[in-house]
Every structure is written in C-alpha cells, then in structure tokens.
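Okay, so here's the structure we're looking at.
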Amino acid sequence: MAQVTLRKLVKNYDETPAVRGIDLDIPDKEFVVLVGPSGCGKTTTLRMIAGLEDITAGDVVIGADVVNDVPPKDRNIAMVFQNYALYPHMTVHENMSFGLRLKKLPKEEIEKRVQKAAAILGLAELLDRKPKQLSGGQRQRVAMGRAIVRDPKVFLFDEPLSNLDAKLRVQMRTEIKKIHQQVRTTTVYVTHDQVEAMTLADRVVVMNGGRIEQVGDPNHLYHQPATKFVAGFIGSPAMNMIACGLEQAAGGLRLRMDGVTLPVPESRTERYKAYAGKPGLLCGLRPEHLFEQRPHLEPGQHPFEAVPVVVEPMGNETLVYFALNGHDVCANVDPGCGAKPGAPLKLVADLRHLHLIDDASGKVL
Amino acid sequence: MAAVLGASSAGTASAGSMKRDRKRALYWSYFFLVLFAIFFLTPPVYMMITSLKSSAEIGAVTNPWFVYHPTLENYTALIGSEQYLTFFKNSAIVSVVVVIITMIISIPAAFALARMKFWGSTALGMGVFLTYLIPETLLFIPLFKIFAFVQDTLGIEMMNHYWVLMVIYPTLTVPFCTWIMIGYFASIPKELDEAALIDGAGYLQMLTKIFIPVALPGIIAATIFAFTVSWADFLYPMAFTTSADQLVLPAGIVTILIRGDVYAWGQIMAACLLGALPPLLIYAFLMDYYIAGLTAGATKG
Amino acid sequence: MAAVIPAAGQSAPARRRGGLARIARRKSTIAFLMALPLILLIGGLVIYPALYSIHLATLNKSMEHFVGLGNFDFLFKRDLFWMVVKQSCIFAVSAVVFKALIGFCVAHFVHNVPAKGQRKWRGMLLIPWVIPPAMSTLAWFWLFDPSYSAFNWVFERIGLPTITWLGDPNWARFAVILVNVWYGAPFFLIMYLAALKSVPEQLYEAAAIDGASWWQKIWYVTLPMMRNIISITVLFSLIVTFANFDIVRILTSGGPIDQTHIFATWAFKLGIEGNDIPLGASVSLFMFPILAIAAFFILRDINRRGNEA
Chain Y
27 MAQVTLRKLV KNYDETPAVR GIDLDIPDKE FVVLVGPSGC GKTTTLRMIA
77 GLEDITAGDV VIGADVVNDV PPKDRNIAMV FQNYALYPHM TVHENMSFGL
127 RLKKLPKEEI EKRVQKAAAI LGLAELLDRK PKQLSGGQRQ RVAMGRAIVR
177 DPKVFLFDEP LSNLDAKLRV QMRTEIKKIH QQVRTTTVYV THDQVEAMTL
227 ADRVVVMNGG RIEQVGDPNH LYHQPATKFV AGFIGSPAMN MIACGLEQAA
277 GGLRLRMDGV TLPVPESRTE RYKAYAGKPG LLCGLRPEHL FEQRPHLEPG
327 QHPFEAVPVV VEPMGNETLV YFALNGHDVC ANVDPGCGAK PGAPLKLVAD
377 LRHLHLIDDA SGKVL
Chain A
23 MAAVLGASSA GTASAGSMKR DRKRALYWSY FFLVLFAIFF LTPPVYMMIT
73 SLKSSAEIGA VTNPWFVYHP TLENYTALIG SEQYLTFFKN SAIVSVVVVI
123 ITMIISIPAA FALARMKFWG STALGMGVFL TYLIPETLLF IPLFKIFAFV
173 QDTLGIEMMN HYWVLMVIYP TLTVPFCTWI MIGYFASIPK ELDEAALIDG
223 AGYLQMLTKI FIPVALPGII AATIFAFTVS WADFLYPMAF TTSADQLVLP
273 AGIVTILIRG DVYAWGQIMA ACLLGALPPL LIYAFLMDYY IAGLTAGATK
323 G
Chain C
51 MAAVIPAAGQ SAPARRRGGL ARIARRKSTI AFLMALPLIL LIGGLVIYPA
101 LYSIHLATLN KSMEHFVGLG NFDFLFKRDL FWMVVKQSCI FAVSAVVFKA
151 LIGFCVAHFV HNVPAKGQRK WRGMLLIPWV IPPAMSTLAW FWLFDPSYSA
201 FNWVFERIGL PTITWLGDPN WARFAVILVN VWYGAPFFLI MYLAALKSVP
251 EQLYEAAAID GASWWQKIWY VTLPMMRNII SITVLFSLIV TFANFDIVRI
301 LTSGGPIDQT HIFATWAFKL GIEGNDIPLG ASVSLFMFPI LAIAAFFILR
351 DINRRGNEA
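Residue numbers (the working numbering), protein chains in the order written: chain Y, 27 to 391; chain A, 23 to 323; chain C, 51 to 359.
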C-alpha cells in the first residue's frame with residue numbers, strides 16, 4: 027500500500043512559518059494536486075514529503091511508516107523537478123538508470139525497466155542523446171522516465187510544466203494523465219495553475235498562506251467552494267464577487283446591489299435568512315451564470331440591465347465587462363447577442379448558482 | 023470531502039538523522055578550515071612576530087613564536103633608510119605607470135575584440151590566451167640581449183634602469199587584463215547598444231557613457247590585477263636591474279638586505295611585511311574586485 | 051501592391067549595400083586600430099623574443115659563431131641537465147596535484163559553511179596568494195633557517211628529530227614543493243569555490259533521491275560539472291609552476307650543490323650569472339616543447355567537451 031498521510035505538518039524557516047499545520051490523507055493510486063499562489067507552502071510541503079526539507083513538527087507517513095527521519099533515497103519516492111535536473115554529462119539512458127545503478131541492480135533488470143519506461147514515454151530513439159540535444163518537452167519526459175524506472179511508491183511533481191510554452195504545456199498535461207492511468211502510482215503534484223489542477227487531479231488541495239483551504243474533487247471545488255479564496259481561485263475567468271445587501275422582502279430574501287435587485291431562490295431562504303441585513307456580504311456569481319437575455323427563463327434566473335464597458339470576443343463566447351456597485355463584473359454572453367461598449371444590454375443572472383460570501387470570515391455561506 | 027483531521031498522536035518535532043548528518047559535516051568543515059587557516063597564515067604571522075624583535079632577541083634563540091620585548095626599531099630603521107625608501111618609490115612608480123599603460127592597451131583592444139568583428143579577431147582572441155604559454159622565464163634571456171642591443175645602437179640606457187620594467191611588465195599584465203575585459207564587455211547585451219543608437223549616441227559616447235560604467239567592476243578588477251603583478255614581479259628586475267638605486271622592492275630586499283653572512287632577520291621581515299602592504303591593503307578593501315578579476319578570467323574561458 | 055514592392059525592393063538594397071559596406075569597412079579598421087597596440091606588444095615583446103631565443107640558442111658563447119645544435123648537444127651530455135628536466139617535471143606535477151586537491155577540498159569546506167561566514171574564511175585563506183611571492187618565500191626561508199628554524203624549535207620541544215630543511219637535497223626539494231603548494235592552493239580554492247556555487251542545487255537533490263552518498267555526489271555530479279574549470283586551472287598552474295623562478299631562487303638558489311635547480315633558475319645561473327647567453331637560452335627553450343605538449347592535450351580536451359555542447 028502506498029498511501030501518504032500528513033499529520034499536523036509544520037515547517038518554519040527560522041522564525042517564519044511556511045507551512046502551518048497540514049493534515050491530509052492520500053489513498054493509494056490517487057492523483058492529488060496541491061495548488062495555490064506563490065508562497066502558499068505547497069512546494070515546501072512537497073519537499074517535506076520528499077525528505078529534502080527538515081520537518082519542524084508533525085509527521086509524514088508513507089505506506090505504513092513514519093518517514094520523518096528517513097533520507098530521501100530510502101523513502102521509495104521519485105521526484106520530477108521544475109528544471110528537470112537532468113545530469114548534463116550523461117545520456118538519456120544513463121540519466122534514467124543512474125539511481126538503479128547506484129542501487130547495484132542487475133544489468134538485465136536495469137535495461138528492462140529503462141526500455142519499458144522509454145516505451146511508455148516515447149523516448150526509445152533518444153536514449154543515446156545528451157540533455158543538451160533535447161527539446162524542453164523531451165527533457166521533461168526524460169525526467170519522468172527517471173522517476174518511472176525507480177518504480178516508487180509515490181511520484182512527486184514540482185511544477186514540472188512551468189518552463190514549457192503554452193501549447194506544449196497542454197500537450198504534456200494529457201501525457202501525464204495518460205501515464206498516470208497506465209502506471210497507477212500515488213502522485214502528489216504541485217502547481218500554481220488552477221487549470222492544470224482541475225484537469226489532472228483526482229482530488230485538488232487548495233492551499234493559501236501555509237494552510238489548506240479546501241480539499242475535494244475538481245467539480246466539487248468548482249461548484250461548491252467553501253471559502254472566498256477557493257471561490258476566486260478556481261475557475262477562469264474568476265468568479266465575480268460583488269458587494270451586496272441581503273434584504274428581507276415580501277416574497278422572500280433578495281439581494282440589492284446598487285440599482286439592481288435580484289431575488290434569492292426559495293431553496294436558499296432557510297440558509298440565508300439569519301444573515302439578512304448583515305454588512306460585508308458578497309454576491310458570488312461565475313461569468314457563465316451571467317448571460318444574455320433568452321426567450322425562456324427558468325425559475326431562479328432573473329433579468330437585469332447593464333452597460334458594457336469592455337467587450338472581448340473570444341470566438342465561441344464573448345466576455346462583457348460592466349460596472350456594478352463599484353465592481354468590475356464579467357459576464358459570458360453569446361457572440362450573436364450584439365453586445366457593444368456603451369450600449370445598454372439586457373442580461374440574466376442565474377441565481378441557482380449563487381454563492382453568498384461573508385467577506386469578514388472569508389466563508390461561503 | 024473535507025480534509026481529514028486526524029486525531030493523531032502528537033507529532034513530535036524531529037531532529038532527523040539528516041540534520042545530525044549536516045551538523046557533523048559542518049563540524050568537520052570547521053575543523054579542517056581551522057587547520058588550513060593555520061597552514062596558510064603561519065608565514066605572514068611569523069613575519070610579523072619576527073619583525074617586532076630586536077636582533078638581540080633573535081640571536082638569543084628564545085621562543086621564535088613569541089615576542090618578549092616587542093620593538094619597532096626594525097620599522098623605524100627601514101623608514102629612515104633611504105635605500106629602502108628608494109625601493110618603495112621605484113616599485114610605486116613602475117607599478118602605477120604599468121597599470122596606466124595596461125589599461126590604455128587593454129580596454130580598447132578588449133572592446134574591439136568583444137564587440138566588433140574584424141579580420142583576425144578570433145585568431146587574436148586565441149592568441150591572447152596562448153601568450154600565457156610563453157612564460158617570462160623563457161623570454162628573459164633573449165630580452166636581455168635585445169635590450170643590450172638597443173642600448174648599444176640607440177644609446178638609450180635600457181640596462182640597469184627601472185623604466186625598462188615599464189616596457190616589459192605589460193607583457194605580463196595586458197593579456198590577462200584584456201581577457202577579463204573581453205568577458206565583461208561581451209556580457210553587456212547588444213540591446214543596450216541599439217537603445218543607445220536610437221537615443222542618438224555616437225560610438226565614443228557609447229564607450230564612455232554606457233560601456234565603461236557598466237564594465238567598471240571589470241576595469242577595477244583588471245587594474246588591481248595589473249598592479250599586483252607589477253608590484254610582485256621578481257625575475258625581470260633580478261635580470262635587468264642591478265644597482266641599488268634602480269631596484270624595486272622584491273629584488274631589492276633579496277639582494278641588498280641580504281648581505282654576506284649576517285642576516286638582519288628582524289629588519290628583513292619588517293621589510294617584507296611593509297613591502298607586502300600595498301597589495302594586502304588593496305586586497306583588504308577591494309577583496310571582491312580582486313576575486314572577481316581572477317574568476318572572471320577563467321570562467322569566461 | 052505586389053507590383054510596387056519588387057521595384058522598391060530592387061533599388062533599396064543597392065543603396066543600403068553601399069552604405070553598410072562603407073560602415074563595415076570603417077568599423078573594421080577602427081577595430082583593428084584599437085587592437086593594434088595589443089598586437090604590437092605581443093608581437094614585439096613576446097613572439098619576437100621567443101623566436102629570437104631560438105636563434106640565440108644556436109650561437110656559441112661569445113655569440114659570434116653559429117654552432118647549430120651544439121649547445122643542445124652539450125646539454126644533453128650533462129647529467130645535471132637531465133636532472134633539471136626531471137626535477138622541473140616532478141616539481142610541477144606534484145605541486146599542481148596537491149594544489150588542486152587542497153583547493154578542491156577546502157572549497158568544499160568553505161562552501162559548507164553558512165554564507166555569512168564564507169567571506170571571512172575566503173578572505174583569510176587567500177592571503178598567501180596576495181603577498182608577493184618573493185617576500186613570502188623569504189619568510190619561509192627564515193622558517194627553514196639551519197640554525198634558527200622555528201619549525202625545528204617546535205620539533206625539539208616535542209621530541210622529533212630536527213630537519214636540515216634546505217641543507218639536505220631531498221628535504222630541500224620537499225621545501226620547494228611545500229612553498230609552491232602554499233602559495234598556489236588559494237588560487238585553486240577561489241576558482242573551485244566559484245565553480246561549486248554554479249552547480250545547480252537541484253542536481254544534488256535529484257542525486258540524493260537517486261540514492262547517492264556524499265562521495266558519489268562528488269564523483270557523479272560535482273566533478274563532471276567542473277571538468278572544464280579543472281582543466282583550465284590545471285593547465286595554467288602547470289605552466290606557471292613549471293616555469294617558476296622566485297621560489298627556488300630564494301629558497302635554495304638551486305642548491306644544495308645544484309640539486310634543486312629547475313629550468314628557470316639554471317637558465318638564470320648560466321645565462322645571466324655565467325654570462326653564457328646562448329646556453330641559457332637553450333635551457334629556457336627546452337621548456338617550450340614540454341609546455342606545448344601539455345597545453346595541446348588539455349586544450350584539445352576542453353575543445354572536445356565544448357563541442358559536445
């Protein structure tokens with residue numbers, strides 16, 4: 027069994043805390059992505075799992091053993107670095123077999139593993155080349171090959187795609203996912219790119235300021251964010267958060283943002299009514315839940331009007347930016363609806379996907 | 023799907039075996055560093071100890087590593103000695119002049135080699151590097167003859183005058199200084215040239231307003247190198263200058279102060295220490311430039 | 051539009067070509083002039099004397115007759131000459147090996163120390179290289195003095211036999227190598243420390259995960275990454291050590307009984323002190339083939355590895 031458990035993991039650099047108590051259970055064969063902005067502690071956590079950083083407090087458990095004091099080479103892990111860290115004077119074959127040669131595995135075994143990994147990654151013709159002669163994507167694959175041949179209990183990836191150009195990144199993302207399906211090893215993957223997190227992960231761990239904000243599978247995080255941070259971090263373009271007032275009215279609760287009033291769906295009345303009149307509330311709606319006027323509206327979808335300031339045609343959709351209650355709001359409208367800057371536009375808000383956020387606590391209510 | 027908050031056993035702060043390993047490596051490092059520091063610093067320290075001893079104390083064969091009756095008489099004798107002061111003066115004049123000559127030759131040459139492509143530039147670059155294969159110990163004899171010849175034919179007094187050193191020392195300093203500066207000049211991005219051109223600068227202005235300020239660390243490092251080499255050279259002065267008023271410090275101390283069988287070691291050591299003072303002072307204050315000069319040359323190669 | 055472009059394209063390059071060529075030619079001449087002093091200096095004071103020394107070596111003592119290889123013939127028959135050859139090679143190789151080893155090891159020690167302290171240690175350890183060699187060698191000479199040696203004083207106190215440092219040929223040779231290593235190791239230290247810092251930390255981490263012990267890390271990561279700088283420093287040092295004059299001259303003047311002569315000091319003795327210029331030139335000249343061979347091999351090694359890039 028190769029599950030990874032982090033218990034109350036803490037890391038302080040001198041007096042500065044970098045990781046403030048992480049608890050995480052990663053079952054065997056799961057692909058977990060640690061995602062968050064720079065400085066949130068995700069890379070530090072990964073390096074503590076690898077054994078490249080000392081642990082200030084807490085435990086790292088791999089399999090059934092607490093590995094706090096175990097040196098990296100004995101933890102049965104493999105790591106893919108952001109800068110690939112390939113040995114420049116060794117060929118691809120030697121790079122991949124280096125760890126195995128140090129362990130003094132028999133030659134046939136080494137050869138078998140290298141060939142198998144090369145086959146999975148499409149490196150068979152490149153085995154005699156040196157890293158200097160390879161492209162960025164090829165080098166990344168060699169780094170992965172080096173990890174695969176070790177047949178470890180856990181794969182660790184430290185922002186491996188950050189050095190690649192956009193197109194290559196998309197390509198390699200799919201490769202990594204395919205490899206995981208083939209090789210089925212527990213994987214911990216660190217990135218700052220939430221698109222990578224969403225597309226690759228079985229579960230996503232959103233980190234901020236040294237703590238875990240929320241853990242869940244991608245869809246769950248997208249549709250049911252627990253905190254303001256997660257709501258704003260996941261999804262692109264980001265969720266709109268507009269300061270609003272929650273009022274008790276005749277037919278139920280409603281939101282007031284400047285001149286616009288939107289009724290809260292009945293299903294939410296119970297949940298929200300305690301907060302009516304509370305200051306510091308934000309109305310969270312994703313751009314795709316603000317769209318153009320349609321002939322047939324479902325219950326929960328309510329029309330309003332706004333004046334676009336910037337219109338960005340993306341081809342299959344058009345992003346429209348307008349001002350509301352002092353915020354820049356983004357709506358995702360059909361290209362054919364004729365949106366033009368300065369011309370008032372009829373829009374619809376789908377309040378079935380409303381997220382009411384308490385700014386003070388950062389929680390989604 | 024919330025994070026599993028384990029009611030786990032208290033996570034202990036672990037001073038892992040890795041930390042212990044690193045601490046051990048650190049202690050061993052310090053141990054060896056102290057050993058080597060003792061090895062490297064013993065001669066200079068001993069120089070200082072001896073220089074503070076009177077001749078009587080040296081002759082009395084007491085503990086050579088300790089000064090019982092420290093005295094500055096050696097230093098005062100030297101500072102009062104016109105001969106020693108002449109050595110110092112000669113060294114200073116030669117070194118300063120050689121530094122100036124070196125810079126005048128090296129900077130333009132480095133600029134040309136780093137920035138402009140002209141016929142033979144790559145060959146010249148290689149050639150500069152290769153001149154170091156021809157050491158002064160190979161050249162001093164033919165030079166001796168050449169200078170004698172020049173003196174005989176042109177009547178210019180080349181032999182036994184210290185300004186022959188000013189002619190010869192640049193061969194020791196210019197190649198390396200050029201090499202250092204080529205490295206620095208080459209590391210200035212070409213976009214800077216182009217931005218300057220767009221802003222309306224001519225070549226001369228580019229050199230003075232952009233290159234030299236940006237390459238200043240390299241220039242300082244090269245200057246320090248040229249000075250130190252000129253100050254310390256021993257073979258050429260020994261070969262080409264003989265009378266006491268023409269000698270520079272290294273040759274002067276060795277030949278004149280060591281007279282016959284009686285060595286006034288206190289004075290000799292004081293002379294050595296004072297003679298080593300200029301390079302040491304430059305090193306103390308400009309250590310980073312000193313080291314940058316060395317490493318720049320090699321790592322660019 | 052298509053019709054207009056070729057016409058415009060035809061006239062413009064012709065105009066541009068003339069202008070560019072003129073500037074290129076002028077630039078080239080300016081560049082050449084800027085490099086001219088350098089060329090003159092090297093040509094006149096390095097290359098010419100080197101060639102001239104070949105000519106000198108073919109003359110007789112009074113420099114009136116041409117004796118061809120007579121000087122070399124004379125030298126080859128003398129045991130002292132071959133001893134000088136052997137001595138110079140042994141000095142150079144052993145001194146450089148120790149200098150490189152010490153430089154490499156101490157660089158690691160300094161690198162291990164936290165960054166703030168590194169500057170202090172580096173500053174202290176470079177001092178031998180800063181002091182003019184003539185003066186520091188005098189200090190060693192005093193430390194080795196037959197009657198007053200401070201080392202012997204310590205030996206007496208702790209019961210070890212005293213050593214006639216400069217009186218015994220073998221100890222004299224040891225002393226020369228020791229002073230050479232003392233003087234030159236800091237240079238290697240500085241070079242290798244700079245090179246050590248340029249090896250990316252992640253390579254060591256990858257090696258740690260792959261299971262490398264500390265010496266395996268040095269063998270498989272550090273040394274290969276430093277191959278070029280090691281070659282360059284060793285080449286430079288071989289040349290400088292081989293052609294060294296100061297240390298032997300001051301410590302032993304080639305003694306006792308000519309037993310510690312190397313090329314430079316013997317050439318000095320024969321050529322300047324003995325007034326036999328051609329013979330001195332021949333001795334000096336003999337250095338050159340050995341240096342050239344060493345340089346050739348090391349440069350070829352560097353070039354070959356550079357082409358692998």
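Cβ coordinates follow ideal geometry from the N, Cα and C atoms, glycine included.
DSSP beta-bridge partners for Y39/Y? Beta bridge pairing from DSSP links Y39/Y with T42/Y.
Any beta-carbon of chain Y closer than 8 Å to the one on G167/C? Using a Cβ-Cβ cut-off of 8 Å, G167/C does not count as an interface residue toward chain Y, since no Cβ of chain Y sits closer than that to its own.
Residues in the segment 153 to 183 of chain C with C-beta within 9 Å of chain Y's C-beta atoms, listed in sequence order? Correct list: empty, as no residue qualifies.
Output yes if chain A places a C-beta closer than 8 Å to the C-beta of S103/C; else output no. By this cut-off, S103/C is an interface position.
Under 8 Å between the Cβ atoms of P313/Y and V336/Y? Cβ atoms of P313/Y and V336/Y: not closer than 8 Å.
Are N38/Y and T82/Y touching if we call contact CB-CB under 8 Å? Yes, they are a contact pair.
Would you give the residue range spanned by the beta strand (DSSP E) that P339/Y belongs to? If you look at P339/Y, you'll find it in the beta strand (DSSP E) that goes 334 to 339.
4 or more residues per run - each alpha helix (DSSP H) lying fully within the segment 149 to 225 of chain A: Counting whole runs of 4 or more residues, the segment 149 to 225 of chain A contains the alpha helix (DSSP H) stretches 158 to 176, 185 to 190, 192 to 208, 212 to 221.
Give the residues of chain C in contact with H115/Y, contact being defined as C-beta atoms less than 7 Å apart. At a beta-carbon threshold of 7 Å, the residues of chain C lying near H115/Y are P274, ordered along the chain.
Let me confirm a value: D221/A is counted as buried when at least 16 other C-beta atoms fall within 10 Å, else exposed. Which label applies? An exposed status is given to D221/A, since fewer than 16 other beta-carbon atoms sit within 10 Å of its beta-carbon.
Check the Cβ-Cβ distances between N245/Y and every residue of chain C, and say whether any is below 8 Å. Among the CB atoms of chain C, none fall inside 8 Å of the CB of N245/Y.
Does the beta carbon of N109/Y sit closer than 8 Å to a beta carbon anywhere in chain C? Judged by the 8 Å Cβ criterion, N109/Y is in contact with chain C.
Since T287/Y is in the alpha helix (DSSP H), which residue starts that stretch and which ends it? Careful: T287/Y lies outside any alpha helix (DSSP H), inside the beta strand (DSSP E) at 286 to 289.
At least one CB of chain C closer than 8 Å to the CB of L128/Y: is that the case? Under the Cβ distance rule, L128/Y counts among the residues neighbouring chain C, one pair being separated by less than 8 Å.
Buried or exposed by the 16-neighbour rule on C-beta atoms within 10 Å, applied to D129/C: Under this definition D129/C is an exposed residue.
Give a yes or no on whether the C-beta atoms belonging to C199/A and F247/A are separated by under 8 Å. Cβ atoms of C199/A and F247/A: closer than 8 Å.
Taking only the alpha-carbon atoms, compute the straight-line gap between E46/Y and A143/Y and give it to the nearest angstrom. The amino acid at residue 46/Y is misidentified as Glu; the sequence shows Arg. The alpha-carbon atoms of R46/Y and A143/Y are separated by roughly 38 Å.
Below 8 Å on the Cβ atoms is my guess for F1/A versus L271/A; work out the distance and round it to an integer in Å. As displayed, chain A neither begins before 23 nor continues past 323, which places residue 1/A out of reach and without an answer.
Cβ of M241/C within 8 Å of Cβ of T291/C? Taking 8 Å as the Cβ cut-off, M241/C and T291/C do not qualify as a contacting pair.
Do you know how far the Cα of H218/Y is from the Cα of V232/Y? Cα to Cα, V232/Y sits roughly 10 Å from H218/Y.
Run of the beta strand (DSSP E) containing K372/Y, from where it starts to where it stops: For K372/Y, the enclosing beta strand (DSSP E) covers residues 371 to 376.
Span of the alpha helix (DSSP H) holding M224/Y? Note, M224/Y: alpha helix (DSSP H), 220 to 226.
Going along chain C, which residues have a C-beta under 7 Å from P98/Y? Near P98/Y (Cβ distances below 7 Å), the residues of chain C are A258, I259.
Spatial neighbours of V221/Y in its chain, beta-carbon cut-off 8 Å, leaving aside the 5 residues before and after: These residues qualify, in order along the chain: S262.
Our contact map puts M345/Y next to C356/Y with C-beta atoms below 8 Å; I'd like the distance itself, whole angstroms only. Just to set this straight, residue 345/Y is Leu in the shown sequence, not Met. Indeed they touch by this definition, with Cβ atoms about 6 Å apart.
If the criterion is Cβ atoms closer than 8 Å, does the pair F171/A and F295/C meet it? With contacts defined as CB atoms closer than 8 Å, F171/A and F295/C fail to qualify as a contacting pair.
Please list the residues of the segment 73 to 94 of chain Y that have a C-beta atom closer than 9 Å to any C-beta atom in chain C, keeping them in chain order. Near chain C, meaning a CB-to-CB distance below 9 Å, the residues of the segment 73 to 94 of chain Y are R73, A76, G77, L78.
Can you list, in chain order, the residues of its chain with a C-beta nearer than 8 Å to that of G163/Y? Leave out the 5 residues immediately preceding and following it. Only residues of its own chain outside the window of five on either side were considered, and among them L190, L194, Q197, M198 have a CB closer than 8 Å to the CB of G163/Y, listed in chain order.
Please check if any C-beta of chain A sits within less than 8 Å of the C-beta of F295/C. Yes, contact with chain A.
Cβ shell of A37/A (< 7 Å), same chain only, five flanking positions each side left out: In this prediction, A37/A has a pLDDT of 40, which is less than 50 and means its spatial position is unreliable; what the coordinates show is noted afterwards. None.
My assumption, with CB atoms under 8 Å, is that A257/Y sits in contact with V390/Y. Please give the rounded CB distance. That belief holds up - the Cβ atoms of A257/Y and V390/Y are roughly 6 Å apart, short of 8 Å.
Name, going along the chain, the residues of the segment 327 to 352 of chain C whose beta-carbon falls closer than 8 Å to a beta-carbon of chain A. Within the segment 327 to 352 of chain C, I327, G330, A331, S334, L335, M337, F338, L341, A342, A345 place their CB atoms closer than 8 Å to a CB of chain A, listed in sequence order.
In the DSSP assignment, find the alpha helix (DSSP H) that holds C155/C and state where it starts and stops. For C155/C, the enclosing alpha helix (DSSP H) covers residues 129 to 162.
Output the distance between the C-alpha atoms of F346/C and A150/C, rounded to the nearest integer angstrom. Cα-Cα distance, rounded: 20 Å.
Is there a Cβ of chain C sitting closer than 8 Å to that of A143/Y, yes or no? Closer than 8 Å to the CB of A143/Y there is not a single CB belonging to chain C.
Quick test of your reading: L360/C and P164/A, contact by CB under 8 Å. State the CB separation rounded to the nearest angstrom. For residue 360/C there is no data in the structure shown, the boundaries of chain C being 51 and 359.
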